[in-house]
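Numbering (this note's numbering), first residue to last: 9 to 149.
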């Protein structure tokens, strides 16, 4: 799960996906990262933590990290939150196999809005991410 800073959208996606996968008894490795390096080692944004907690998802222990080319080796699928993240991740792809792993989280290459500047977006962003993660889990089984 990749967004810009790894403190709003991608930690939500990581937490939601972990919960869904655990509920289905699946053995998946799930992680999140940001394309930028501003929040390496930082906790998720308090608004994301609060929104997740309201839905029974605890992301408070996650820490920001930056996406790197070795993530292509560690993961079969890489989901990005928006077009900018897509471009930034593809820049690090070393070959066509790496590129084939990169997908938008939402269908039809829709962006997950960045709620950083608008508190009112955290709840709808949570719902978008949850629906997308649920669909991914259902499709991969």
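Idealized CB from N, CA, C, for every residue including glycine.
Could you check what DSSP says for residue 38 in three-state terms: helix, strand or coil? coil
Closest residue to residue 11 among 51, 59, 31, 120 (Cα-Cα distance): 120
Determine whether the beta carbon atoms of residue 95 and residue 75 lie at a separation below 7 Å. no
By DSSP, does residue 141 sit in helix, in strand, or in coil? Assignment of residue 141 by DSSP, reduced to helix, strand and coil, places it in the helix class.
What do you get for residue 128, buried or exposed, if any count of 16 or more other CB atoms within 10 angstroms of its CB means buried? exposed
Under three-state DSSP, which class holds residue 86? strand
Could you say which of 133, 116, 117, 118 lies nearest to residue 161 if we only look at CA atoms? This structure cannot settle anything about residue 161, because the visible part of the chain is limited to 9 through 149.
By the DSSP assignment, the beta strand (DSSP E) with residue 97 in it spans what residues? It is not in any beta strand (DSSP E) - residue 97 instead sits in the alpha helix (DSSP H) that spans 91 to 99.
Measuring CA to CA, which of 78, 79, 53, 73 is closest to residue 67? 53
Per the DSSP calculation, residue 112 is bridged to which residue(s)? 88
According to DSSP, is residue 10 helix, strand or coil? strand
Is it the case that the Cβ atoms of residue 13 and residue 47 are separated by a distance below 7 Å? Cβ distance < 7 Å, so residue 13 and residue 47 count as in contact.
Determine, using beta-carbon pairs with one atom in the segment 107 to 115 and one in the segment 130 to 147, whether at least three such pairs fall under 8 Å. yes
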